[in-house]
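Working notes, beginning with the structure itself.
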Amino acid sequence: QQQVKQSPQSLIVQKGGISIINCAYENTAFDYFPWYQQFPGKGPALLIAIRPDVSEKKEGRFTISFNKSAKQFSLHIMDSQPGDSATYFCAATGTASKLTFGTGTRLQVTL
Amino acid sequence: GAGVSQTPSNKVTEKGKYVELRCDPISGHTALYWYRQSLGQGPEFLIYFQGTGAADDSGLPNDRFFAVRPEGSVSTLKIQRTERGDSAVYLCASSLRAGRDTQYFGPGTRLTVL
Chain X
78 QQQVKQSPQS
88 LIVQKGGISI
98 INCAYENTAF
108 DYFPWYQQFP
118 GKGPALLIAI
128 RPDVSEKKEG
138 RFTISFNKSA
148 KQFSLHIMDS
158 QPGDSATYFC
168 AATGTASKLT
178 FGTGTRLQVT
188 L
Chain V
-19 GAGVSQTPSN
-9 KVTEKGKYVE
1 LRCDPISGHT
11 ALYWYRQSLG
21 QGPEFLIYFQ
31 GTGAADDSGL
41 PNDRFFAVRP
51 EGSVSTLKIQ
61 RTERGDSAVY
71 LCASSLRAGR
81 DTQYFGPGTR
91 LTVL
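Residue numbers (the working numbering), protein chains in the order written: chain X, 78 to 188; chain V, -19 to 94.
Structure, rendered in structure tokens:
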């Protein structure tokens, strides 16, 4: 059972553009939503995370928007750069500690 | 400081063989997690330890998979009678405490079962 659905599967954005990745979850027990960035041959690394008591969190060029009633959250990457080219995973967890990941979005930022 | 390390980085084995994958967590981290990542997919939870004990092993696919963390630091994931379907990248992560503390991932071990 896929508890976290992620789209799109792949994304091509021009340098300086905005990259948007969307996720939806089913389990209402989830209360912590991190985004991870993964480069080829590396493990995932935490990018930014949000709790459901806020609707938005911004760190530099990265922003998470959260809609609790719709059980959806999204990652926005402003002023996308070629160095942002990677695979992005949304995830969710609750008191169970284990992370449930989405299927990933492969982002390519072109010059 | 040193991050999470995993050895070996690559392991090729034959169907039916036994393999061990090792994880060295960040020093001082009490929680340790194992995930499995198939090609083109997100990591899937296998098991996590709080200290020496397995707090949640609900993600282990069957009884061929077993993990230990005898001294509360290094962990070993053991797979018996490997099958071709076990081929994947096995990721280890650690966090200061269990719960919502940031999980720091190692680079993974790529297991190929021929």
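Here a beta-carbon is modelled for each residue, glycine too, at the ideal position from N, C-alpha and C.
Take the Cβ of X/ALA163 as the centre, count every other Cβ of all protein chains shown within 10 Å, and call the residue buried at 16 or more, exposed below.
-> buried
Within 7 Å, strictly: CB atoms of X/TYR113 and X/PRO121 = yes
Taking C-beta pairs closer than 7 Å, name the residues in chain V that X/LYS119 reaches, listed in chain order.
-> Below the 7 Å Cβ cutoff, chain V contributes PRO87 as neighbours of X/LYS119, in chain order.
Residues in its own chain within less than 6 Å of V/GLN60 by CB, not counting five upstream and five downstream?
-> Excluding positions up to five away in sequence, the list reads TYR(-2), ARG44.
Proximity winner among V/VAL(-16), V/PRO23, V/PRO(-12), relative to V/ARG90 (alpha-carbon distances) = With distances taken between Cα atoms, V/ARG90 lies closest to V/PRO(-12).
Would you list, in sequence order, the uninterrupted beta strand (DSSP E) runs of no fewer than 3 residues that lie entirely inside the stretch 3 to 75 of chain V?
-> Assignment of beta strand (DSSP E) within the stretch 3 to 75 of chain V, counting only whole runs of 3 or more residues, yields 11 to 17, 24 to 30, 33 to 36, 45 to 48, 55 to 59, 68 to 75 in chain order.
Helix, strand or coil for X/PRO159 per DSSP?
-> helix
Residue interval of the beta strand (DSSP E) (run including X/LEU152) | 149 to 154
Do X/VAL81 and X/ALA147 have their C-beta atoms within less than 7 Å of each other?
-> no
Secondary structure of X/LEU188, DSSP reduced to three states = In the structure shown, X/LEU188 sits in coil (DSSP, three-state: anything other than H, G, I, E or B).
Between V/ARG16 and V/ASP37, what straight-line distance do the alpha-carbon atoms span, to the nearest angstrom?
-> Roughly 13 Å separates the two Cα atoms.
Should V/PHE120 be flagged as near chain X, meaning a C-beta pair shorter than 7 Å?
-> No answer is possible for residue 120 of chain V: the residues shown for chain V start at -19 and end at 94.
Pick helix, strand or coil for V/TYR(-2), following the three-state DSSP scheme.
-> coil
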